[in-house]
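Novice: The structure under discussion is supplied below as structure tokens; questions concerning it will follow.
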Amino acid sequence: MFALADCNNFFVSCERVFHPELNGRPVIVLSNNDGCAVSRSNEAKALGIKMGDPYFKVRGIIEKYRVAVFSSNFALYGDMSARVQQVLRQFAPAVEQYSIDEAFLDLRGMQLQDPDSYAKHISAECRRLTAIPVSVGIAPTKTLAKIASKLCKQYPKLNGGCYMYRPADIEKVLRRFPVSDVWGIGRRSARKLEAMQVRTAWDYRQLPEASVRKLFALPGWRTWMELRGVPSIEFENLLEPRQSICVSRSFAKEITDCGQLCEQVANFAESAACKLRKQHSLALEMSAFAFTNRFKENAPQTFGSHLCVFPDGTSDHRAIVSAAVAATRELFRKGYAYKKAGVVISKLVPEEGHSASLFADAGISERDAHLSQSIDEITRNFGPGAVLFGIQGDGRIKMSREHQSPHYTTRWDDIPKVSVK
Ligand SMILES: [Mg+2]
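Per this note's numbering, numbering of the sequence shown is gapless, rising by one per residue and ending at 851.
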């Protein structure tokens, strides 16, 4: 058995933890730069606001129905997500974080007496310890567990937990479940299936195996097997460190000045360096990139990237930030308005056991190692951005976040104050 725990309307739920007066009211959270709706409360969904609707398009509804609007606050969501994951880890020997608001639990070999109450109990514990509502579906495969968790959202009576295993129940559910909503069925496959009159998950499951393999290849066949109750999608061990780290953002206003672009890329590089150090890896390569707004048809377009190599491997804050700045100076071209930039750190090797080359300058690397350790410690104690390189400017990414809530759980100054009379 596998469980899928999915936080309901996650970003909205995070905001509501600190704004309980918004329970029962329509709430939306906007994407970076306040572009479009990326999370909606049930009340906002009922008003017809769709996932990805541009902010300007739904402004009328927002004003008319007094919808509460938040800019995205990833410091808050990331921290709340870590708290939910921490709770989930008590309930299974292995947890695979699938996205910021979803995780699979591997329940194989656990001998549960009553999986249905186990699902409800996991949901209740998440609620009690983090205040986030979580839907927990348990089923024989990951794909079916995902469907079971969706049932919890449709039917509040299930109290956040659902165990789906009886073949007759599975059939009843799959007959009503749109095939395009099945995990692993992409938009292209969905269009193909539509043309074949395959509308529900049940229709898909009933297709002959040979045609599934022919039309939808291995991934489509795995999904088909999973719908039939045969586990076919690996449980991924999330303890594996990441193979590359990318930090990129689009800017609220395009950047035409090299110094400003360097400042932004330096901030991306510093945040990538922190992630690299957290997983105790060294990077052998890094590239910086920047490009113009491809939706502005009349503006001159460019995409630039520049690769830096660290032959000895590094996780040093200063080395990474200065290489990123040098790369940005290389790729920058005057006369272009850059909309988005970022850095990718790749070819990662474990820090442990990696031997520096014979010609590395021991004196410099030791000094830099001390500096990097101090930065880590200051960041741990005072939060990200407490100490900056001069090139990072004020350390802020130039995004528009007009409606952002405070960083309640990750910044000392933002901790909510309660007064008792
Ligand atoms: Mg969710």
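We put the CB at the ideal spot given by N, CA and C, even for glycine.
Contact check, ALA767 vs ASN723 under 8 Å by CB: the rounded distance?
Specialist: Stepping through the sequence shown from its first residue, residue 767 is reached at position 337. Stepping through the sequence shown from its first residue, residue 723 is reached at position 293. At roughly 7 Å, the Cβ-Cβ gap stays under 8 Å, so ALA767 and ASN723 are in contact.
Novice: Taking just the CA atoms, how far does ASP436 sit from LYS769?
Specialist: Numbered from 1 along the sequence shown, position 339 holds the residue referred to as residue 769. Numbered from 1 along the sequence shown, position 6 holds the residue referred to as residue 436. If I take the Cα positions, the gap works out to 33 Å.
Novice: Is PHE719 near ligand 1, going by C-beta to nearest heavy atom under 7 Å?
Specialist: Counting from one through the sequence shown, the residue named residue 719 turns up at place 289. Not under cutoff, so the answer is no.
Novice: Grab the span of the beta strand (DSSP E) containing ALA470 for me, first residue to last.
Specialist: Translated into positions along the sequence shown, residue 470 becomes position 40. It should be noted that the sequence gives Arg, not Ala, for residue 470. For ARG470, the enclosing beta strand (DSSP E) starts and ends at 467 to 470.
Novice: Hey, would you say the C-beta of CYS852 is under 7 Å away from at least one heavy atom of ligand 1?
Specialist: The chain is shown only over 431 to 851; residue 852 falls outside these bounds and no answer can be derived.
Novice: Between SER529 and LEU434, is the Cβ-Cβ spacing less than 8 Å?
Specialist: What you label residue 529 is simply residue 99 of the sequence shown in a count that begins at 1. What you label residue 434 is simply residue 4 of the sequence shown in a count that begins at 1. No, they are not a contact pair.
Novice: Listed by chain order, which residues have C-beta atoms less than 7 Å from any heavy atom of ligand 1?
Specialist: ASP436, CYS437, ASN438, ASN439, PHE440, ASP531 and GLU532
Novice: Do the segment 734 to 754 and the segment 670 to 686 make contact, defined as three or more Cβ pairs closer than 8 Å?
Specialist: no
Novice: Assess contact between the segment 498 to 508 and the segment 457 to 465, defined as three or more Cβ pairs (one per stretch) separated by less than 8 Å. Is contact present?
Specialist: yes
Novice: Answer yes or no: do GLY424 and THR653 have a C-beta to C-beta separation smaller than 8 Å?
Specialist: Only positions 431 to 851 of the chain appear in the structure, and residue 424 is not among them; the question remains open.
Novice: Go to LYS851, then tell me how far its alpha helix (DSSP H) extends in each direction, as first and last residue.
Specialist: Within the sequence shown, residue 851 is the residue found at index 421, counting from 1. Careful: LYS851 lies outside any alpha helix (DSSP H) and carries neither H nor E.
Novice: From this set, GLN627, SER619 and SER662, which residue's C-alpha is nearest LYS644's C-alpha?
Specialist: For the purposes of this step, residue 644 is identified with residue 214 of the sequence shown, where counting begins at 1. Nearest C-alpha to LYS644: SER619.
Novice: Applying the 10 Å Cβ sphere with the 16-neighbour rule, what's the burial state of PHE812?
Specialist: Counting from 1 along the sequence shown, the entry for residue 812 is found at position 382. That one is exposed.
Novice: Are LEU535 and GLY659 closer than 8 Å when you measure CB to CB?
Specialist: Translated into the one-based positions of the sequence shown, residue 535 becomes position 105. Translated into the one-based positions of the sequence shown, residue 659 becomes position 229. No; because the gap between Cβ atoms is not below 8 Å, this pair is not in contact.
Novice: Just to confirm the assignment, what range does the alpha helix (DSSP H) spanning LEU518 have?
Specialist: Mapped onto the sequence shown, residue 518 falls at position 88. That run of the alpha helix (DSSP H) goes 504 to 518.
Novice: What residue from CYS676, LEU581 and LYS764 has the CA that sits closest to LEU778's CA?
Specialist: Taking the first residue of the sequence shown as position 1, residue 778 is located at position 348. LEU778 has its Cα closest to that of CYS676, out of CYS676, LEU581 and LYS764.
Novice: Would you identify the three-state DSSP class for VAL773, choosing helix, strand or coil?
Specialist: By one-based count along the sequence shown, residue 773 stands at place 343. In this structure, VAL773 counts as strand in the three-state DSSP scheme.
Novice: Flag this pair as touching only if the segment 555 to 572 and the segment 589 to 603 have three or more C-beta atom pairs under 8 Å; answer yes or no.
Specialist: yes
Novice: Can you tell me which of the three DSSP states VAL751 falls into?
Specialist: Taking the sequence shown and counting its residues from 1, the one referred to as residue 751 is at position 321. Looking at VAL751 - three-state DSSP - the assignment turns out to be helix.
Novice: Taking just the CA atoms, how far does ILE552 sit from PRO545?
Specialist: Within the sequence shown, the letter at position 115 stands for residue 545. Within the sequence shown, the letter at position 122 stands for residue 552. Cα-Cα distance, rounded: 10 Å.
Novice: Measure the alpha-carbon distance for SER701 versus SER745 and round it to whole angstroms.
Specialist: Stepping through the sequence shown from its first residue, residue 701 is reached at position 271. Stepping through the sequence shown from its first residue, residue 745 is reached at position 315. Cα to Cα, the separation comes out at about 12 Å.
Novice: Does DSSP put MET594 in a helix, a strand or coil?
Specialist: The sequence position of residue 594 within the sequence shown is 164, counting from 1. Coil.
Novice: Have a look at the DSSP bridge pairing and note the partners of MET392.
Specialist: Given a span of 431 to 851 for the chain in the structure shown, any question on residue 392 remains unanswerable.
Novice: Tell me the start and end of each unbroken beta strand (DSSP E) in the segment 541 to 604 that is at least 3 residues and wholly inside, in chain order.
Specialist: 564 to 569 and 591 to 593
Novice: Determine the direct distance from the alpha carbon of GLU656 to that of PHE607, and round the result to whole angstroms.
Specialist: By one-based count along the sequence shown, residue 607 stands at place 177. By one-based count along the sequence shown, residue 656 stands at place 226. Taking the straight line joining both Cα atoms gives about 15 Å.
Novice: Taking the alpha-carbon positions, what's the ALA533 to ARG763 distance?
Specialist: The residue given as residue 533 occupies position 103 in the sequence shown. The residue given as residue 763 occupies position 333 in the sequence shown. ALA533 and ARG763: Cα-Cα distance of roughly 43 Å.
Novice: For ALA524, which residues of its own chain have a beta-carbon under 6 Å away from its beta-carbon, when the five flanking residues on both sides are left out?
Specialist: Position 94 of the sequence shown holds residue 524. Excluding positions up to five away in sequence, the list reads ASP536.
Novice: Out of curiosity, what's the CA-to-CA distance linking LYS853 and GLU796?
Specialist: Since the displayed the chain opens at 431 and closes at 851, residue 853 lies outside it and no answer follows.
Novice: Sort VAL468, LEU477 and LYS494 by Cα distance to TYR485 and report the nearest one.
Specialist: As a first step, residue 485 must be located in the sequence shown, where it is residue number 55. When each option's Cα is compared against that of TYR485, the closest is VAL468.
Novice: Give the secondary structure of THR840 by DSSP, where H, G and I count as helix, E and B as strand, and everything else as coil.
Specialist: Your numbering for residue 840 matches position 410 in the sequence shown. Per DSSP, reduced to three states, the secondary structure at THR840 is coil, with no helix or strand assignment.
Novice: Identify, in the order they occur along the chain, each residue of the same chain with its Cβ nearer than 8 Å to the Cβ of ARG496, setting aside the five sequence neighbours on each side.
Specialist: By 1-based counting over the sequence shown, the position of residue 496 is 66. Answer for ARG496: ARG455 and PRO456, listed in chain order.
Novice: Could you tell me whether the Cβ atoms of GLU555 and VAL517 are closer together than 8 Å?
Specialist: What you label residue 555 is simply residue 125 of the sequence shown in a count that begins at 1. What you label residue 517 is simply residue 87 of the sequence shown in a count that begins at 1. Yes; because the gap between Cβ atoms is below 8 Å, this pair is in contact.
Novice: Count the other CB atoms within 10 Å of the CB of PHE432; is the residue buried (16 or more) or exposed (fewer)?
Specialist: Walking along the sequence shown from the start, residue 432 turns up at place 2. Answer is buried; the Cβ neighbour count reaches 16.
Novice: Just reading off the beta strand (DSSP E) that ARG679 is part of, what are its end residues?
Specialist: Your numbering for residue 679 matches position 249 in the sequence shown. That run of the beta strand (DSSP E) goes 675 to 685.
Novice: Buried or exposed for SER852, going by 16 or more other Cβ atoms inside 10 Å?
Specialist: Residue 852 is absent from the model: the chain starts at 431 and stops at 851.
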